[in-house]
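As they're listed, the protein sequences go chains S and G.
No gaps in the numbering here: position 113 of the first sequence is 113 in my numbering, and each next residue is one more.
No gaps in the numbering here: position 126 of the second sequence is 126 in my numbering, and each next residue is one more.
A virtual CB, placed ideally from N, CA and C, is assigned to each residue, including glycine.
Number of protein chains: 2
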Amino acid sequence: MKTHSVRDQLLEHASVLIRQRGYNGFSYRDLAELVGVKTSSIHYYFPAKDDLVLEVVRLYRERSQARLAAIDTSLPLIEQAERYVGPLRNDIELNQICLAGMLSAEVLALPDAIRSYLQAHFQANETWIANLLRRAETERGQPYPVPPQLLAKVLYGAIQNGIITARMSGSSDRLDAAADMLLGAVRGSMCAVTEHEPAMA
Amino acid sequence: MKTHSVRDQLLEHASVLIRQRGYNGFSYRDLAELVGVKTSSIHYYFPAKDDLVLEVVRLYRERSQARLAAIDTSLPLIEQAERYVGPLRNDIELNQICLAGMLSAEVLALPDAIRSYLQAHFQANETWIANLLRRAETERGQPYPVPPQLLAKVLYGAIQNGIITARMSGSSDRLDAAADMLLGAVRGSMCAVTEHEPAMA
DNA sequence: GTCTATAAGGCGATAGAC
DNA sequence: GTCTATCGCCTTATAGAC
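Printed below as a string of structure tokens:
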């Protein structure tokens, strides 16, 4: 069993730091202390901060895409949805908010190359959800009250915001609401009116 | 007509800077140059950066709350929804993302006092939307497929994320999707199945 | 590859003249 | 109130020894 190279450790810890404090919220000094090297060693692997962050984002996209692709499309749709939603709730407990979600707020301070990766991340997740909803729609033979692609945009946005605001409010309420609504939509509860009582008049 | 005091200008420009680049993304130097004073003058009004930001957030909450309260609750519900959603699309064209949405990502680097204001902002908006949806529900006499409070959480989260990602992708698609869904929900299109065609099999 | 040393400038913040 | 001047520290980044 081989230990992780310094380069790998740098990328790993940089990812955590960015997700916690953002691009402008961490320094080469912070990162160096975490890994146990001097800042000049970071420059050896990543001459400029942008080089480091770009590689962190590239790796994140790669893994995130692989995780999406690993959800077997022949499974029952509801189970696919659960495999999509499950890890999100785990991440929250570790204060591990989505890298793309974090950086999307700082986008004006980021190089264009990074911006492209962030867009790709949002696009890929929206498309995945939209496809799931479309299949659920045809499987049921009854359309949603809202086009699947639009519903996917709303749900993924709500998921992203739910993750980000979880550490603000110390609660995963918002993520849970979005996740439940996604699962509900796949189950078809958005077509059949359910039994919750309306508010008082 | 009196000109704005230096203090007011500082607060105004600081708000813009934070909304563009975040708490860690602007300096007293940036702000001083915008207002046309020296950095030491900023310290005269706001001894520490946290004092400045806290006051910016307090003011934002105050105005935001006033804007919510200014929507006449005796108007038709759909018109209330339109008055809520309309300004959001305007802000996007000015690259003016929500202050609370921006700072919510940086929450780990912020003093607790600020955190409280951010929570209050999200809470207030969710509650306003939830009340609107509840009234729409009783007016129609038919419940949503999803509880209004949950729907409000999802929709406001999607709105927030739509605003933030607009300047990443150069498009207001996500905000539009969330806004349209909110308007649709008030109109009742989430209870009656509409006429959009399901996807190919 | 990793270090020491250092550059060149940014940062928030303070003292004190006016 | 606003300024000049300055402090002490942090930032990214580089040069060169080992």
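Run down chain G in chain order and give the residues with a C-beta less than 8 angstroms from the C-beta of residue i.
i               : result
L150 of chain S : A177, D180 and M181
L77 of chain S  : Per Cβ cutoff of 8 angstroms: no residues; L77 of chain S is ~13 angstroms from chain G at best.
E93 of chain S  : Simply none; closest approach about 15 angstroms.
R115 of chain S : M168
Can you have a look at residue i and say buried or exposed, based on whether 16 or more other CB atoms are within 10 angstroms of its CB?
i               : result
G157 of chain G : buried
T194 of chain G : Here T194 of chain G scores only 45 on pLDDT, less than 50, and its place in the model should not be relied on; the value that follows carries that caveat. Exposed, by the Cβ-count rule.
L52 of chain G  : buried
L75 of chain S  : exposed
S5 of chain G   : exposed
A152 of chain S : buried
A113 of chain S : exposed
A166 of chain G : buried
Answer yes or no: do residue i and residue j have a C-beta to C-beta separation smaller than 8 angstroms?
i               : j               : result
A81 of chain S  : V186 of chain S : yes
L99 of chain S  : I18 of chain S  : yes
V85 of chain G  : A179 of chain G : yes
Y117 of chain S : V35 of chain S  : no
L150 of chain G : M181 of chain G : no
Q119 of chain S : M190 of chain G : no
N24 of chain G  : N24 of chain S  : yes
L10 of chain G  : I42 of chain G  : yes
R63 of chain G  : H121 of chain G : no
G101 of chain S : Q160 of chain S : yes
G22 of chain S  : G22 of chain G  : yes
Leaving out five residues on either side along the sequence, give the residues of the same chain with a beta carbon under 7 angstroms from the beta carbon of residue i.
i               : result
L68 of chain S  : A124 and W128
R29 of chain G  : T39
T3 of chain S   : none
L59 of chain S  : L11
P148 of chain G : A130, L133, R134 and E137
A37 of chain G  : Before going on, a small fix: residue 37 of chain G reads as Val here, not Ala. Hits under 7 angstroms: V6.
Run down chain S in chain order and give the residues with a C-beta less than 9 angstroms from the C-beta of residue i.
i               : result
P111 of chain G : Those do not exist, as P111 of chain G stays about 13 angstroms from chain S at its closest Cβ, beyond 9 angstroms.
P87 of chain G  : None at all; the shortest Cβ gap to chain S is about 19 angstroms.
Using a C-beta to C-beta distance shorter than 7 angstroms, which residues of chain G count as neighbours of residue i?
i               : result
R16 of chain S  : The residue you asked about is not Arg; residue 16 of chain S is Val in the sequence shown. Residues of chain G passing the Cβ test: none, with the nearest at roughly 12 angstroms.
V6 of chain S   : Per Cβ cutoff of 7 angstroms: no residues; V6 of chain S is ~26 angstroms from chain G at best.
S189 of chain S : P145
G157 of chain S : G157, A158, N161, G162, R174 and A178
D184 of chain S : Sequence inspection shows Gly at residue 184 of chain S; the Asp mentioned does not correspond to that position. Residues of chain G passing the Cβ test: V146.
G36 of chain S  : What G36 of chain S touches in chain G: nothing, since even the nearest Cβ is about 23 angstroms away.
In chain S, what lies closer than 7 angstroms to residue i by C-beta?
i               : result
L118 of chain G : M168
D173 of chain G : K153
Q20 of chain G  : L108
A105 of chain G : G22, M102, A105 and I164
Q160 of chain G : N161
F46 of chain G  : Those within 7 angstroms of F46 of chain G in chain S number zero; the least Cβ separation is about 20 angstroms.
Can you give me the Cβ contacts of residue i inside the same chain, cut-off strictly under 6 angstroms, excluding the 5 residues immediately before and after it?
i               : result
K49 of chain S  : none
R83 of chain G  : I71
F26 of chain S  : L17
G162 of chain G : R174, L175 and A178
I97 of chain G  : R19, I163 and I164
E126 of chain G : A152, K153 and Y156
L183 of chain G : A81
Under 8 angstroms Cβ to Cβ from residue i, same chain only, skipping five residues before and after it: list those, please.
i               : result
T73 of chain G  : Q80
L77 of chain S  : L132, R135, A136, E139 and V186
A14 of chain G  : F26, L31, L52, V53 and V56
E12 of chain G  : H4
P111 of chain S : D50 and L54
R7 of chain G   : Y45
R115 of chain S : V107
Q65 of chain G  : A124
Three CB pairs or more closer than 8 angstroms across the region 169-176 of chain G and the region 128-145 of chain S: Note that the region 169-176 of chain G does not touch the region 128-145 of chain S; fewer than 3 beta-carbon pairs, one per stretch, sit closer than 8 angstroms.
Does the contact criterion of 3 or more C-beta pairs under 8 angstroms hold for the region 83-94 of chain S versus the region 104-124 of chain S? Flag = no, the region 83-94 of chain S and the region 104-124 of chain S do not touch.
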